[in-house]
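Colleague: The following block contains the structure, expressed as structure tokens.
In the numbering used here, the protein residues as written are 619 to 895.
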């Protein structure tokens with residue numbers, strides 16, 4: 619799970635504690651992705667956009683004999699990841715680096731990217747490069763949110779483009795930053811990979827007051843809040859929070875928040891161009 623910001627609007631400070639709210643719900647898609655990677659004993663595994671490192675440690679536990687690395691552009695996230703690795707006594711190496719500029723010294727057996735690519739415009743070119751970085755029969759596995767047409771996102775974009783906020787926030791958020799599963803399958807199959815692509819909508823039940831607002835504070839709202847001064851941010855959150863409460867009213871068991879995710883596991887051909895197993 620990381621959070622590589624697409625660029626041009628300046629740095630965004632990621633808060634590992636806020637991102638960790640609803641940690642079980644955020645971790646479930648990664649677990650589903652990891653379960654579908656077919657390699658039994660890879661030698662070198664890299665988590666691109668590793669965030670606070672909890673998922674990178676899962677990679678190390680699944681493949682204890684592998685060299686496992688985590689890369690993320692956020693110093694705050696990497697500091698949290700190193701602390702988590704130290705507490706777990708895990709031999710995982712974490713590096714602060716923009717994943718768009720990452721290049722390995724040698725081919726990699728497994729590249730994982732969890733909830734990152736929607737922050738990167740034109741990431742199709744990046745995926746092609748990562749396929750080239752794989753060892754023969756290596757795997758590229760990633761998942762991205764597919765809920766950009768959901769009320770949580772459409773209301774946010776509408777508010778950013780409203781008269782009060784458009785001068786500071788207009789056009790900040792891309793309405794369609796990812797492909798669907800079939801689109802990624804076509805892209806990676808054209809590169810010669812065997813592709814397993816699927817979608818899942820998790821019907822999450824979130825607890826607490828303003829549950830959906832608390833969820834998006836850890837992810838989607840980060841570039842918005844980074845563009846506002848504290849007073850303006852409070853006003854924006856009040857207005858957006860009211861819209862979210864109307865769209866996602868709390869029920870007797872919590873707030874129901876459907877969340878669509880898109881998953882892909884692509885395996886590079888063996889050496890000599892033979893199809894992957």
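Backbone N, C-alpha and C define an ideal beta-carbon position, used for all residues, glycine too.
The model shown is predicted, which means the values in this text are computed figures rather than measured ones.
Which residues in the same chain have their Cβ closer than 8 Å to the Cβ of residue 706, if we skip the five residues on either side of it in sequence?
Modeller: Contacts found: 675.
Colleague: For residue 791, which of 766, 781, 849 has the nearest alpha-carbon?
Modeller: Nearest option by C-alpha distance: 766.
Colleague: At what residue ranges does the region 768–803 contain a whole run of the beta strand (DSSP E), taking only runs of 3 or more?
Modeller: The qualifying runs do not exist here; there are none.
Colleague: Rounded to the nearest angstrom, what separates residue 782 and residue 865 at their Cα positions?
Modeller: If you take the alpha carbons of residue 782 and residue 865, they lie about 21 Å apart.
Colleague: To the nearest angstrom, report how far apart residue 626 and residue 826 are at their CA atoms.
Modeller: With a pLDDT of 30 at residue 626, under the threshold of 50, the modelled position of this residue cannot be trusted; read the value that follows with caution. In a straight line, the C-alpha of residue 626 is about 34 Å away from that of residue 826.
Colleague: What residue range does the beta strand (DSSP E) around residue 820 cover?
Modeller: 812–824 is the span of the beta strand (DSSP E), which, as asked, contains residue 820.
Colleague: What is the DSSP secondary structure of residue 716, counted as helix, strand or coil?
Modeller: Coil, per DSSP.
Colleague: Would you tell me roughly how many angstroms separate the C-alpha atoms of residue 692 and residue 731, rounded to the nearest one?
Modeller: Near 15 Å, if we compare the C-alpha coordinates of residue 731 and residue 692.
Colleague: For residue 780, count neighbouring Cβ atoms within 10 angstroms of its own Cβ and tell me buried if that reaches 16, exposed if not.
Modeller: Under this definition residue 780 is an exposed residue.
Colleague: Looking at C-alpha atoms only, which residue of 726, 671, 834 is the closest neighbour of residue 701?
Modeller: Of the listed residues, the one whose Cα sits closest to residue 701 is 671.
Colleague: Decide if the region 640–657 is in contact with the region 757–772; the criterion is three or more beta carbon pairs, one per stretch, under 8 Å apart.
Modeller: Flag = yes, the region 640–657 and the region 757–772 touch.
Colleague: With DSSP as the reference, label residue 875 as helix, strand or coil.
Modeller: Note: residue 875 maps to strand in three-state DSSP.
Colleague: Between which two residues does the beta strand (DSSP E) carrying residue 761 extend?
Modeller: Its beta strand (DSSP E) spans residues 752–763.
Colleague: Applying the 10 Å Cβ sphere with the 16-neighbour rule, what's the burial state of residue 842?
Modeller: By the 10 Å Cβ count, residue 842 comes out buried.
Colleague: Our contact map puts residue 729 next to residue 813 with C-beta atoms below 8 Å; I'd like the distance itself, whole angstroms only.
Modeller: That belief does not hold up - the Cβ atoms of residue 729 and residue 813 are roughly 14 Å apart, past 8 Å.
Colleague: Of the choices 708, 727, 696, 704, whose alpha-carbon is the least far from that of residue 716?
Modeller: For the residues 708, 727, 696, 704, the minimum Cα distance to residue 716 belongs to 696.
Colleague: What separation, rounded to the nearest whole angstrom, lies between the Cα atoms of residue 879 and residue 809?
Modeller: Cα-Cα distance, rounded: 23 Å.
Colleague: My output table needs one value for residue 698: the three-state DSSP class, helix, strand or coil.
Modeller: Residue state, collapsed to three classes: helix.
Colleague: Starting from residue 662 and walking both ways along the beta strand (DSSP E), at which residues does that stretch end?
Modeller: Counting along the chain, the beta strand (DSSP E) containing residue 662 begins and ends at 662–666.
Colleague: Here's the rule I'm using: 16 or more other beta-carbon atoms within 10 Å means buried, otherwise exposed. How should residue 883 be labelled?
Modeller: Buried: at least 16 other Cβ atoms inside 10 Å.
Colleague: Give the DSSP-derived three-state secondary structure of residue 849 in the structure shown.
Modeller: In the structure shown, residue 849 sits in a helix (DSSP, three-state: H, G or I).
Colleague: Please report how far the alpha carbon of residue 773 lies from the alpha carbon of residue 862, in whole angstroms.
Modeller: Near 8 Å, if we compare the C-alpha coordinates of residue 862 and residue 773.
Colleague: Can you tell me which of 770, 804, 822, 837 puts its alpha carbon nearest to the alpha carbon of residue 746?
Modeller: That would be 804, whose Cα lies nearest to the Cα of residue 746.
Colleague: Alpha helix (DSSP H) containing residue 842: first to last residue?
Modeller: From DSSP, the alpha helix (DSSP H) with residue 842 extends over 840–844.
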